[in-house]
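Here is the structure we will look at.
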Amino acid sequence: MQLIQSWNLEIGGHLRDDTALITSGVFDSQALFNLMLWIEEQIGRPIDPASLDLVGEWNTIGDVVGFIERMRRS
Numbered sequence: 015m016q017l018i019q020s021w022n023l024e025i026g027g028h029l030r031d032d033t034a035l036i037t038s039g040v041f042d043s044q045a046l047f048n049l050m051l052w053i054e055e056q057i058g059r060p061i062d063p064a065s066l067d068l069v070g071e072w073n074t075i076g077d078v079v080g081f082i083e084r085m086r087r088s
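So, in structure tokens, the structure goes:
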């Protein structure tokens, strides 16, 4: 959460694990790009964003954590 908060995005209210980041419009293209780079660092390999359903996979912090855990196991 600190990483996302450091991007100075306008999040209406407190940032929680279930806060919608993409569907709410909080994340713009730059934020999604930054998130992708950070996730690549966490999993140790590149991501092809065209192969993902970003809303389904990364809409909330909880979704992102789950995605990283799945990618680390595969």
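Quick note: the sequence shown uses our numbering, first residue 15, plus one each step. Glycine included, C-beta positions come from ideal geometry on N, C-alpha and C.
By the C-beta criterion, the stretch 59-68 is judged to be in contact with the stretch 31-51, since at least 3 inter-stretch pairs fall below 8 Å. In chain order, Thr-74, Gly-76 place their CB closer than 7 Å to the CB of Asp-32, counting only its own chain and leaving out the 5 sequence neighbours on each side.
When rounded, the separation of the alpha-carbon atoms in Ser-38 and Phe-81 is 20 Å. Judged by DSSP in its simplified three-state form, Asp-32 adopts coil rather than helix or strand. With a contact defined as Cβ atoms closer than 8 Å, Ile-18 and Leu-29 qualify at about 6 Å.
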